[in-house]
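Each remark here refers to the structure printed beneath this line.
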Amino acid sequence: SQQGEEDPQALSIQEGENATMNCSYKTSINNLQWYRQNSGRGLVHLILIRSNEREKHSGRLRVTLDTSKKSSSLLITASRAADTASYFCATDGTSYGKLTFGQGTILTVHP
Amino acid sequence: GAGVSQTPSNKVTEKGKYVELRCDPISGHTALYWYRQSLGQGPEFLIYFQGTGAADDSGLPNDRFFAVRPEGSVSTLKIQRTERGDSAVYLCASTPGLAGDGDTQYFGPGTRLTVL
Chain A
16 SQQGEEDPQA LSIQEGENAT MNCSYKTSIN NLQWYRQNSG RGLVHLILIR SNEREKHSGR
76 LRVTLDTSKK SSSLLITASR AADTASYFCA TDGTSYGKLT FGQGTILTVH P
Chain B
88 GAGVSQTPSN KVTEKGKYVE LRCDPISGHT ALYWYRQSLG QGPEFLIYFQ GTGAADDSGL
148 PNDRFFAVRP EGSVSTLKIQ RTERGDSAVY LCASTPGLAG DGDTQYFGPG TRLTVL
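Residue numbers (my numbering), protein chains in the order written: chain A, 16 to 126; chain B, 88 to 203.
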């Protein structure tokens, strides 16, 4: 079963705008990761945030984690058409190494 | 360096047949994971290996599914008596250290299995 749930399910924006995706989860976690997937194939790791961290940055990405609310957000600033993809959050908490993914947010960035 | 590779990239089979899906992890990676992703869904965990042993196989849906990693490197996911519901993309991932260290999981491109 899917622990994480992403919101929104789909997001359509113009190039240059910011995109925010949210993820909620149900059980305690060790860390939370965000992945990107193009065309339903391999996943690319974007960023990992540990349970004792609240915010993390990587380039145009900003991730926040609120363990009291069991939620995380991924912000992509100054989006580009090449950012068009599906984005998944994944938690590692029920068993070491076993990632539990959400259903993903489909992001479309229009040039 | 080379990433995780999976073969074949696509596999079409008939209901009731046996299939094997292969995963070559990044050289030297200790842990290896299998996931299954149905259309429009996120990946779902199947099994992971720490070296040669299956450390957690709780995600395997039933006894038609089996996976091995005899030498601690390449892994094969085996599906017997395939059913149409087995159609999905099967993803493999590996990490350099022991599972649980919070390592990034590096994913392969997946094998798209279609059962007719």
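Beta carbons are placed, not taken as given, at the ideal position from N, Cα and C, and that holds for glycine.
Using a CB distance below 7 Å, the part of the region 134-153 of chain B facing chain A consists of Y135, D143, ordered along the chain.
Each of A:E70, A:E21, A:K71 was checked against the Cα of B:G127, and the nearest Cα belongs to A:E21. According to the DSSP assignment, B:A142 belongs to the beta strand (DSSP E) that extends over 140-143. Counting only Cβ-Cβ distances below 7 Å, B:T191 has contacts in chain A at H60, L63, in chain order. Using a Cβ-Cβ cut-off of 8 Å, B:P196 counts as an interface residue toward chain A, since at least one Cβ of chain A sits closer than that to its own. For B:A89, the three-state secondary structure derived from DSSP is coil. Interface flag for B:L200 against chain A is unset, since no Cβ pair is found closer than 8 Å. According to the DSSP assignment, B:S162 belongs to the beta strand (DSSP E) that extends over 162-166.
The beta carbons of A:Q52 and A:L63 sit about 16 Å from each other, so the pair does not count as a contact at 8 Å. Per DSSP, A:N33 lies in no beta strand (DSSP E) and is assigned neither H nor E. The beta-carbon of B:L178 is placed less than 8 Å from the nearest beta-carbon of chain A. In the DSSP assignment, A:Y102 falls within the unbroken beta strand (DSSP E) covering 100-107. Within chain A, the residues Q17, F116, Q118, G119 have their CB atoms less than 9 Å from the CB of B:Q128, given in chain order.
Taking all protein chains shown into account, A:R69 has fewer than 16 neighbouring C-beta atoms within 10 Å of its C-beta and is therefore exposed. Among the residues of the region 76-91 of chain A, none has a Cβ less than 7 Å away from any Cβ of chain B. For B:Y120, the chain A residues whose C-beta falls within less than 9 Å of its own C-beta are G112, K113, L114, listed in chain order. A distance below 6 Å between beta-carbons, with the five flanking residues on each side excluded, links B:T94 to the following residues of its chain, in chain order: R109. Counting along the chain, the unbroken beta strand (DSSP E) around B:D111 starts and ends at 106-111. Residue pairing by DSSP puts A:H72 in a beta bridge opposite A:R77.
If you ignore the 5 residues before and after A:N46, its C-beta comes within less than 7 Å of the C-beta of L63, I64, R65, S66, D107, all in its own chain and listed in chain order.
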